[in-house]
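Numbering of the sequence shown is given in my numbering, commencing with residue 1359 and proceeding in unit increments.
Even glycine gets a Cβ: it sits at the ideal position worked out from N, Cα and C.
Quick notes on the structure that follows.
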Amino acid sequence: SERSIALGLGSSDGFFALSGALTSCIWAGVYELGRTQRVGYRASREEQEEMEAQVRTFAEFAEERLEVKPTGRVYIKDVTKAFRQTYAKYRSEEQLSERRLQTLFRQYARRVTGMRGKSGFFKGIGLRDRASA
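This is how it looks when you write it as structure tokens:
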């Protein structure tokens, strides 16, 4: 049977080249399928507009309620709770998932302080009370 494969393809080197090419094509297909499943990859226009609105809304919240100060320290759950209390549109997880909201805060914190939080606590950022906002 090995001889018939070699005769059919010309030589055993051709067989290994063909099997390598087929394996590469299969893995490329698997990679492409996985890549298209990422959030934001092929988002519809409505989904893209909704994500942009979420970013704008969080930026407004950050300007009103968050302050950068050297002695500040805030827990990420406190920020997400304050955000949901401030904006009724995003009170449920169906409108804005907890994970997405935390990602928005982490991006903001990284941008303004240059640091990542540890165990959900972020240094250099404080949460203002509503009365002083």
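Asked                                                                                          : Found
Cα-Cα separation between V1470 and A1379, rounded to whole angstroms                           : 48 Å
Own chain residues within Cβ distance below 7 Å of R1442, not counting five before or after    : Y1448, R1449
Cβ-based neighbour list, Q1460, same chain, cut-off 7 Å, excluding 5 preceding and 5 following : I1434, T1438
Top-ranked residue by Cα proximity to E1452, from E1408, G1387, A1467, S1382                   : E1408
Assigned exposure category for R1431 - 16 Cβ within 10 Å defines buried                        : exposed
L1380 CB to nearest heavy atom of the ligand SAM below 6 Å                                     : Among the components modelled here there is no ligand, and therefore nothing to report on the ligand SAM.
Nearest to A1446 (by Cα), restricted to the options F1419, T1429, L1424, L1376                 : F1419
Straight-line Cα distance separating M1473 from F1480                                          : 8 Å
Exposure label - F1374; buried when at least 16 CB within 10 Å                                 : exposed
Separation of E1390 from L1485, as counted between CA atoms                                    : 42 Å
First and last residue of the uninterrupted alpha helix (DSSP H) at E1408                      : 1403-1423
C-beta atoms of R1423 and A1411 nearer than 7 Å                                                : no
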